[in-house]
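K.L.:
Residue numbers (my numbering): 1 to 353. No residue lacks a Cβ here, since even glycine has one placed at the ideal position from N, Cα and C.
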Ligand code: SF4
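(1) Based on DSSP bridge pairs, tell me the residues matched to residue 310.
(2) Which residue or residues does DSSP assign as beta-bridge partners of residue 261?
(3) I'd like to know if the stretch 61 to 68 and the stretch 85 to 94 are in contact, where contact means that at least 3 CB-CB pairs between them fall below 8 Å.
(4) Since residue 297 contacts residue 339 with CB under 8 Å, what's their CB separation in whole angstroms?
(5) Return the chain-ordered list of same chain residues with a C-beta closer than 8 Å to the C-beta of residue 202, the five sequence neighbours on each side being excluded.
(6) Please indicate yes or no: does the CB of residue 139 lie closer than 7 Å to some heavy atom of the ligand SF4?
(7) If you reduce the DSSP assignment to three classes, tell me which class residue 305 lands in.
(8) Tell me, which residues are paired with residue 325 by DSSP?
(9) Give every residue whose Cβ lies closer than 7 Å to any heavy atom of the ligand SF4, listed in chain order.
(10) Closest to residue 152 by C-alpha separation, out of 98, 80, 215, would be which residue?
(11) Run through DSSP, which three-state label would residue 21 get?
(12) For residue 39, which of 311, 181, 347, 269 has the nearest alpha-carbon?
(13) Starting from the Cα of residue 138, find the closest Cα among 294, 187, 22 and give me that residue.
(14) List the residues that DSSP assigns as beta-bridge partners of residue 298.
(15) Using CA coordinates, which residue listed in 164, 289, 219 is at the minimum distance from residue 347?
(16) Indicate whether residue 83 and residue 131 have their beta-carbon atoms separated by less than 8 Å.
(17) Under DSSP, the alpha helix (DSSP H) around residue 167 begins and ends at which residues?
(18) Going by beta-carbon coordinates alone, are residue 29 and residue 116 separated by less than 8 Å?
(19) Taking buried to mean at least 16 other C-beta atoms within 10 Å of its own C-beta, is residue 337 buried or exposed?
(20) Just verifying my parser: in three-state terms, what is the DSSP assignment at residue 284?
(21) Relative to the C-alpha of residue 133, which candidate in 328, 266, 155, 73 has its C-alpha closest?
(22) Pull up the DSSP beta-bridge partners for residue 10, would you.
(23) Can you check DSSP and say which residues form a bridge with residue 187?
(24) Any idea what DSSP makes of residue 203, helix, strand or coil?
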């Protein structure tokens with residue numbers, strides 16, 4: 001039976017990770033959200049810092065949003081951190097701080113989709129909900145030779161049914177973790193060691209020799225190119241920040257005043273834009289200190305091309321009124337997206353002078 005073999009493999013090979021040693025739904029939830037799209041090696045320290053500062057739902061609910069974002073800073077996918085915060089508040093307000101155990105209720109929480117809901121209720125309460133993540137798609141498509149594209153409605157349905165079918169409902173939580181771990185550690189995307197695999201005698205992809213072609217994906221999502229021109233403005237010992245709003249990447253994070261264009265421009269062209277005139281209206285004695293060009297930052301479905309201008313201004317005009325004015329030495333108190341950190345790392349040491 002597949003599940004028995006898997007769980008046996010899991011017991012011998014599972015990684016020693018803090019969220020594998022608990023059935024606390026709060027911890028499972030944080031780890032699942034934090035580790036989506038993030039390698040365990042990268043997410044591990046974040047997880048420890050986050051759960052040390054916010055050890056339970058109540059401490060997360062009561063924290064200021066800026067502090068939650070600061071603990072997420074650098075991980076990307078910032079809407080996840082905001083959703084964690086919103087959901088923690090809801091759990092406190094609506095459920096008295098007790099994490100709900102019913103699948104449908106868990107699924108109704110902001111930021112929790114079918115995958116995470118299944119992971120939480122199966123791992124915490126052993127409820128028979130099968131998880132299907134990228135690792136599970138890979139293992140199942142290969143083991144059963146399924147060539148239906150995983151990014152189609154038909155594929156999603158087929159894989160969900162298959163995942164439910166092979167689950168041993170008496171060991172739902174362990175089975176789910178075993179399947180995910182097997183995909184993460186053994187049935188890896190490139191060159192898995194099929195010869196020594198516990199499923200070598202029954203894996204259809206191995207038998208057919210098409211392991212590397214599975215799972216199948218149908219379409220490639222179009223990538224959008226964006227051009228960001230940042231102005232790190234220094235006036236005396238102060239600098240200026242903007243807190244990003246709703247409806248775009250990095251909601252709630254901070255950045256320098258930004259002009260975005262849909263094509264590459266040089267400084268002379270940018271100076272002629274309405275956005276530039278607006279930003280520096282009323283300001284005097286603009287002097288460019290330094291420039292960092294061609295900083296490329298890849299997000300899912302977007303490529304950002306950034307240029308940073310460090311500018312000294314003697315006299316600040318009304319164009320800067322909407323920005324937050326802070327001492328340059330306090331930049332560390334704010335949560336920035338990784339793109340800004342690339343720049344800040346480069347100029348480190350010059351800021352507090
Ligand atoms: S035989 Fe290879 S492809 Fe099949 S399950 Fe094992 S590692 Fe994956």
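P.N.:
Quick look at the numbers:
(1) Answer by DSSP bridge pairing, in chain order: 232, 290.
(2) 227
(3) Output reads yes: the stretch 85 to 94 touches the stretch 61 to 68.
(4) Indeed, because the Cβ distance is near 4 Å, the residues count as touching under 8 Å.
(5) The answer, listed in chain order, is 143.
(6) yes
(7) strand
(8) Residue pairing by DSSP places residue 325 opposite 240 in a beta bridge.
(9) 139, 142, 143, 186, 187, 192, 193, 194, 197, 199, 200, 203, 205, 206, 211
(10) The shortest Cα separation from residue 152 among 98, 80, 215 belongs to 215.
(11) coil
(12) 181
(13) 187
(14) DSSP lists 303 as partners of residue 298.
(15) 289
(16) no
(17) Taken as a continuous stretch (DSSP letters only), residue 167 belongs to no alpha helix (DSSP H), as it is neither H nor E.
(18) Taking the C-beta atoms as reference points, residue 116 is found nearer than 8 Å to residue 29.
(19) buried
(20) strand
(21) If we check each option's Cα against that of residue 133, 155 comes out closest.
(22) Bridge partners of residue 10: none, in fact.
(23) According to DSSP, residue 187 bridges with nothing at all.
(24) coil
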